[in-house]
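Worksheet: one structure, shown below.
Numbering (this note's numbering), first residue to last: 6 to 879.
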């Protein structure tokens, strides 16, 4: 090209002027850029007449470098640069070289020339790049004598996504009608991590942008704002009608940088609904009552709720087909009764007593007439002032016994507690964090200081429950070690009876402060267990650890008592835990407990190299034990726990003597254990999550535990060889059926504790120890005294006719209600053990279980009315 351009015969370039004016400067720049070689340049120069001699002085001074080089913008395939050119008078050009990666091109042979720009140009956009890629640039300045500056460099990266990268589609019902107001949720395929979300528009369309390129799943969730033709709402699902869940569900969708993956369209199936009206005993509607499902449904146990309208009507839509128990929470209810209402479950069952009467729901249909008449609650009002008669704002007020009802004082010091069940109460006032400014450390709490109780009736408002709170004091200070302030030291404050009053931890400067103390004397103690440095526990003024030790600290109302302390270094216990082959075991929990009657008890966990260290140990003799429940190592059956030195229990452990200083080495070599594993399902074959599984040795009586995972499987490792009973215990929780499962042992469906022994070999895994759980029955009732008042905190148990105690028990709440779940369908004696002041009895006023009227639960059903009226103790 240059040979052609330099040809004197070329009609557009006649004479030497064009060659000297255009060709030679361009050739020089291209040589500097490495675009042409000296060989080709010599061939061109041979055709170019020599320039006349102008000066014997050659300019060899390079121009200054460009400055303020920055990235002014980037996108998927472009990077824009901005800079300031040097002020040299003979500045001619700017050249930009580019390399892939974080190393800029720093010579004429590095990278690629991407631009030769004029001296007035200070911006450049590099195009046609790859998304999500790092590029480095070197920018050079050239003068007219072809001198080159030092490079200015910068590293930048193109974007991996933008608003043109994502997923779009539409959501309809099965007839093709748009569904608006639903959430389109995008999750990372494989992990289920949330990646983006959009709400469907009036035409059902949605668009989720700025996604990283990759594979995703799309799920659709109906919300309270979702609208469509169905009056019963819609069921959630994932793309292509996959089950809805919070993990990795749905058909994967691929997203490419710079493109919208279109056509991700789906429909939501029609759901079922429950409707009714909530009123007071006179028929007046009650608004703002939360109606919620008490037994969430599988597979992911969604929560369904709605608030009643002002007239008390409600529709709880979006329910899958099934049987539900719903409850009515009146905490924020609005209605004719200013004293509030009592919460309950359908039909007239206690709110926390197991959920109430089941309600069938079918898809596309509304189960109507599920009404509730809420009992009138009572209210308590009063005023809180300080010693000068000023109102105190922000005092938290609760009822004792605790009913869950509470209030808080306003600017005038007034409070109101509504919706309390009839009963005898006192009011507890907590002013710890109230009145800042006037009371810099809050006010003292007033709960049990001889306050007179009062009786609250349905629909009644008890007024005048006032109190005057005293100014509280505060305790604070700093904790240091030999090297300065100690962060993370736990500070415990005890009163004169030894009861812990409050606690906190030191900040990064070793400082701490706690408000809200009554005037009086306290003990301050320090626990540096979770700090580094190996400091001993202790109490204020260098006293040994223990809430009865330490120099008393005096607190005065409205003042801060400052206590500073320096902790002393202690001794240490350290070592390494391995298996029989010398392989380090991580996750072993190491404990050291005093065997001389002292209070010392210390912990540590082995790291990846099997080592551990316990610091800050007081001089004493200790039993050092190694709990392998969570040990990580090559043995499939885990490892057996032991104490030093190769002893089975803490009581038989060889004592480890620790002095004032130094570190005692205590190693352990754990034997490979055995494991028991299996799967727990219900009678329909569905996995049971959260079932407690216990393996109990028939020779030692020691038990090991595990819990079933989401697939119903469990593993109990670290067992010694021998015979075990393996039992399955279901706890009353949201993951069990409403009436619970019946406890059982392996291969024995009747006896809660016992069953066929499981033979466990040495260093082996015994599999197939499965269980199929039966749905239990539920028993509920109310316990009152002779005057009809509720009796709380009564222990209620169930006993079989053969004397077997079933692990299904409960306590009465503030309204006297109780619930027993997971009972077998056999005759049972239900017995009541009150806390004090009343005589124990069994159902129908029997003195013991043998003479009690039997109660036979029904599987999957609720047996109501198993009440008791307690008599005074003799």
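Using N, Cα and C, we set each Cβ at its ideal position, and we do this for glycine too.
Going by alpha carbons, who is nearest to residue i out of the options?
i, options, result
"residue 195", "221, 246, 216 and 877", "221"
"residue 392", "449, 343 and 869", "449"
"residue 336", "384, 308, 327 and 174", "384"
"residue 877", "841, 869 and 864", "841"
"residue 771", "678, 798, 753 and 789", "678"
"residue 615", "597, 624 and 593", "593"
"residue 183", "316, 164, 211 and 655", "211"
"residue 716", "691, 727 and 710", "691"
"residue 628", "67, 486 and 649", "649"
"residue 482", "541, 524 and 546", "546"
"residue 380", "356, 656 and 366", "356"
"residue 344", "466, 632 and 95", "466"
"residue 218", "237, 178, 265 and 180", "265"
"residue 413", "783, 439 and 566", "439"
"residue 612", "589, 597, 623 and 620", "589"
"residue 513", "498, 503, 601 and 484", "484"
"residue 799", "486, 581 and 817", "817"
Return yes when the Cβ of residue j is within less than 7 angstroms of the Cβ of residue i, no when it is not.
i, j, result
"residue 828", "residue 781", "yes"
"residue 291", "residue 279", "no"
"residue 500", "residue 527", "yes"
"residue 387", "residue 471", "yes"
"residue 186", "residue 230", "yes"
"residue 324", "residue 382", "no"
"residue 562", "residue 474", "no"
"residue 72", "residue 83", "no"
"residue 246", "residue 255", "no"
"residue 214", "residue 268", "no"
"residue 142", "residue 153", "no"
"residue 786", "residue 871", "yes"
"residue 330", "residue 293", "no"
"residue 418", "residue 437", "no"
"residue 603", "residue 575", "no"
"residue 662", "residue 626", "yes"
"residue 819", "residue 549", "no"
If you draw a straight line from the alpha carbon of residue i to that of residue j, how long is it in whole angstroms?
i, j, result
"residue 544", "residue 519", "16 angstroms"
"residue 830", "residue 688", "15 angstroms"
"residue 47", "residue 158", "Legend: pLDDT at residue 47 = 40, less than 50; position of this residue unreliable, value from coordinates given subsequently. Straight-line Cα distance between these residues: approximately 32 angstroms."
"residue 849", "residue 858", "6 angstroms"
"residue 262", "residue 698", "49 angstroms"
"residue 863", "residue 462", "36 angstroms"
"residue 457", "residue 445", "29 angstroms"
"residue 311", "residue 339", "15 angstroms"
"residue 883", "residue 188", "Outside the modelled stretch of the chain, which goes from 6 to 879, sits residue 883, for which no answer is possible."
"residue 879", "residue 844", "7 angstroms"
"residue 257", "residue 618", "48 angstroms"
"residue 117", "residue 139", "15 angstroms"
"residue 883", "residue 745", "Coverage of the chain is limited to positions 6 through 879, which leaves residue 883 absent and any answer about it impossible."
"residue 318", "residue 364", "17 angstroms"
"residue 121", "residue 249", "57 angstroms"
"residue 342", "residue 378", "13 angstroms"
"residue 635", "residue 711", "11 angstroms"
"residue 714", "residue 694", "5 angstroms"
"residue 579", "residue 837", "51 angstroms"
"residue 751", "residue 808", "21 angstroms"
"residue 573", "residue 541", "6 angstroms"
"residue 156", "residue 111", "7 angstroms"
"residue 432", "residue 469", "11 angstroms"
"residue 334", "residue 522", "36 angstroms"
Kindly examine the ligand NAP and report whether one of its heavy atoms sits closer than 6 angstroms to the Cβ of residue i.
i, result
"residue 824", "In the structure on display, the ligand NAP does not appear, and there are no ligands present to speak of."
Would you mind giving the Cβ-Cβ distance between residue i and residue j, rounded to the nearest angstrom? I have them listed as a contact below 8 angstroms.
i, j, result
"residue 811", "residue 748", "7 angstroms"
"residue 673", "residue 647", "7 angstroms"
"residue 620", "residue 633", "Rounded, the Cβ-Cβ distance is 23 angstroms, inconsistent with contact."
"residue 404", "residue 430", "5 angstroms"
For this session: Counting only runs of 3+ residues fully inside the region 639-724, write out the beta strand (DSSP E) ranges in chain order.
Result: 661-663, 668-670, 679-687, 697-702, 708-712 and 718-724
Exercise. What runs of the beta strand (DSSP E), each 3 residues or longer, lie entirely inside the region 361-398?
Worked result: 364-366 and 383-390
Problem set entry | beta strand (DSSP E) runs wholly inside the region 729-788, at least 3 long, in chain order | 763-765 and 776-778
Problem set entry | Length at least 3, wholly inside the region 425-496: the beta strand (DSSP E) runs in chain order | 428-435, 459-461 and 478-486
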